[in-house]
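J.: Residue numbers (our numbering): 1069 to 1503. C-beta atoms are modelled at their ideal positions from N, C-alpha and C, and glycine is treated no differently. This structure is a prediction, so every number in the text was calculated from the model and none was measured.
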Amino acid sequence: MSSFHEPARDIPEAETSDVLIAGGGPAGIMAAIAAARRGVRVRLIEAHGALGGIWTTGCLPHIIELDKGGLLAELVGRLEEAGAGSRQAGHVPTDDAPCRCDYDVETFKVVLDKMAAEAGVAVRMYTRVSAAYRDAGGRIEAVVTDSKSGREAWRARVFIDCTGDGDLAAQGGCGFDIGQPGTGLCQPMSVMALLAGAGRFDEPPFSIREWGPNKDWILAELRRGGHEPSYSRPTLFLVRNGYMIMMANHEYGYRGPDAQVLTDATIRGRAENLATVRALRSLGGRWQNLDLLAQSAQIGVRESRRIHGLYRVNRDDLVRGARFPDAVCRVSFCVDIHALDPARNMGIDSSGVTVKPYDIPLRALIARDAPNLMMAGRCISGDFFAHASYRVTGDAAALGEAAGLAAAAAVRRGVDPCAVPFSDIAQDLPCRREP
Ligand SMILES: Cc1cc2nc3c(=O)[nH]c(=O)nc-3n(C[C@H](O)[C@H](O)[C@H](O)COP(=O)(O)OP(=O)(O)OC[C@H]3O[C@@H](n4cnc5c(N)ncnc54)[C@H](O)[C@@H]3O)c2cc1C
């Protein structure tokens, strides 16, 4: 590839904060609120025009692994108060305890804006972190962003990468892994969609409670309408009467951040979702008024960079139900690997790993290569199998809260996150459980 020399130039320094968080998804918003409530100056930089990441711009109005307490419980309470969220039992059909929450996306955006403002988080949307610079000691000195305001530099004492893709860490030259060992393939991406005009779906075979059985029925309905989906477990969840989430598209072959690959996959995924809705509508009956209301502004990326940390959560930790003295989150979600190769399988599998609830240590949230950089959400330090379990939103939120607490404690002590005594944050960690 030929190269173009971009001349060096001085750019404005927008701000110096105590904690700078890149990415306002489930992990980033929780990290920002947790840190700001401990009295430090927090800047949150988000590429899109809404906080929430997959929860909002990703059109996935659905939280699982709800048992984390803390800010996640508070958020669900705020959604219920606003009449926009409802807890559901039965992520797996045998469960009775509420373990997932479905909600209205637009109210959710406003609730997140309010929670951030009340905590004193300084939010900048429509701004993308596009470079990160380290000093001679390897510490992140500043990040550079691109936006309608041009290029700007932002300094902070502690940085937290919550971009999902590990953009900040990678731009700063930190090491990372990506994809399946051997092939480097990542799990497929999906364009999510919200549907309106659904008929009655609260009775079998389409029950609000059940995830599994209705997928076979939906697949049969799609085939009856003449459509063969790219995902063999097409999924519809009822959020409230007449309003549903659809996840029926898979874009295979992703190997990591690449804007052209993301563009092409988005174009294909959107077209497939429209074809899916048309196929169902053609069946008439309960489907006759079905409409495609919205599609995700950002294609859903399940898997991307896993930044090297001081500890790497691994397959063995899941199997043995690992415990750590610096545990910040207990995860019970299964290994959920969406098909990597459509020629072999277009569904999901667990690769033979049975998860015993396991802990994630704070060390997996601290970058190995930059002492003042933390990660939270799906880009923490872990292997391919562990990532396929801890990446879900409830865990991402809990990891974000823990990172925010540790970053604030580091600022207060004037040290890097790895030097914070664990006792500084232990009592505030909501989902830490005794062994
Ligand atoms: C299609 C799909 C379906 C899923 N289904 C479920 C499910 O049913 N339940 C569940 O709990 N989980 C589900 N997951 C997993 C879960 O949504 C993610 O793993 C979760 O979003 C992780 O949260 P996060 O905060 O790490 O990342 P994200 O939600 O991806 O948030 C990252 C944020 O960072 C921003 N950002 C990215 N790059 C930059 C940058 N350079 N500068 C500034 N901002 C940036 C993004 O705009 C985004 O707001 C699903 C994921 C996908 C893709």
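(1) In the DSSP assignment, find the unbroken alpha helix (DSSP H) run with Ile-1367 in it and report its ends.
(2) Hey, could you find the ends of the beta strand (DSSP E) Gly-1205 is sitting in?
(3) Is it buried or exposed for Tyr-1171, if we count other Cβ within 10 angstroms and need 16 for buried?
(4) Confirm the yes/no value for this check: CB of Gly-1153, any heavy atom of ligand 1, distance under 7 Å.
(5) Measure the alpha-carbon distance for Gly-1252 versus Gly-1232 and round it to whole angstroms.
(6) Can you give the Cα-Cα distance for Ala-1474 and Val-1329, rounded to whole angstroms?
(7) How far does the beta strand (DSSP E) with Met-1069 in it reach, from first residue to last?
(8) Less than 8 Å between the C-beta atoms of Leu-1408 and Gln-1255, yes or no?
(9) Identify every residue that forms a DSSP beta bridge with Pro-1429.
(10) Alpha carbon to alpha carbon, what distance is there between Glu-1319 and Ala-1390?
(11) DSSP three-state call for Asp-1359: helix, strand or coil?
(12) Using a Cβ-based criterion (distance less than 7 Å to any ligand heavy atom), does Arg-1459 qualify as near ligand 1?
(13) Just to confirm my understanding: we take Leu-1361, look at its own chain, exclude 5 residues before and 5 after, and list those with CB closer than 7 Å. What are they?
(14) Based on Cα-Cα distance, which residue from Ser-1198, Met-1098, Ala-1221, Gly-1218 lies nearest to Met-1183?
(15) What are the boundary residues of the beta strand (DSSP E) that Thr-1084 is part of?
(16) Can you tell me which residues form a DSSP beta bridge with Asp-1284?
(17) On the criterion of 16 or more Cβ atoms from any shown chain inside 10 Å, does Tyr-1194 qualify as buried, or is it exposed?
(18) Please report the straight-line C-alpha distance between Pro-1485 and Glu-1149, rounded to a whole angstrom.
(19) With Ile-1228 and Arg-1373 assumed to form a contact (beta carbons below 8 Å), what rounded beta-carbon distance in angstroms separates them?
(20) Between the C-alpha atoms of Gly-1445 and Leu-1433, what's the straight-line distance to the nearest angstrom?
(21) Secondary structure at Cys-1127, three-state DSSP: helix, strand or coil?
(22) Does the distance from the CB of Ala-1197 to the CB of Val-1211 come in under 8 Å?
(23) Taking 7 Å as the cut-off, does the CB of Ile-1208 come closer than this to any heavy atom belonging to ligand 1?
(24) Verify the contact flag: Ile-1132, CB atom, against every heavy atom of ligand 2, threshold strictly below 7 Å.
(25) Roughly how many whole angstroms lie between the Cα atoms of Ala-1185 and Arg-1291?
(26) My assumption, with CB atoms under 8 Å, is that Asp-1394 sits in contact with Pro-1429. Please give the rounded CB distance.
T.: Let me lay it out:
(1) Premise fails: Ile-1367 is in no alpha helix (DSSP H) and is neither H nor E.
(2) That residue, Gly-1205, is in no beta strand (DSSP E); it is neither H nor E in DSSP.
(3) buried
(4) no
(5) 17 Å
(6) Within the model, the alpha-carbon separation for Ala-1474 versus Val-1329 is close to 36 Å.
(7) No beta strand (DSSP E) contains Met-1069, which DSSP labels as neither H nor E.
(8) In this structure, Gln-1255 lies closer than 8 Å to Leu-1408 by Cβ.
(9) Ala-1395
(10) So the two alpha carbons sit approximately 33 Å from each other.
(11) In the structure shown, Asp-1359 sits in a strand (DSSP, three-state: E or B).
(12) Relative to ligand 1, Arg-1459 has its C-beta within less than 7 Å of a heavy atom.
(13) Leu-1262, Leu-1263, Ala-1264
(14) Residue Met-1098 is the option with its Cα nearest to Met-1183.
(15) 1081 to 1090
(16) Answer is none; Asp-1284 lacks a bridge partner.
(17) exposed
(18) 35 Å
(19) About 15 Å; that fails the 8 Å criterion.
(20) 9 Å
(21) coil
(22) Rather than Ala, the amino acid found at residue 1197 in this sequence is Val. Yes, they are a contact pair.
(23) Not one heavy atom of ligand 1 is found less than 7 Å from the C-beta of Ile-1208.
(24) Looking at this structure, you won't find ligand 2 anywhere; what it does contain is ligand 1.
(25) 47 Å
(26) 5 Å
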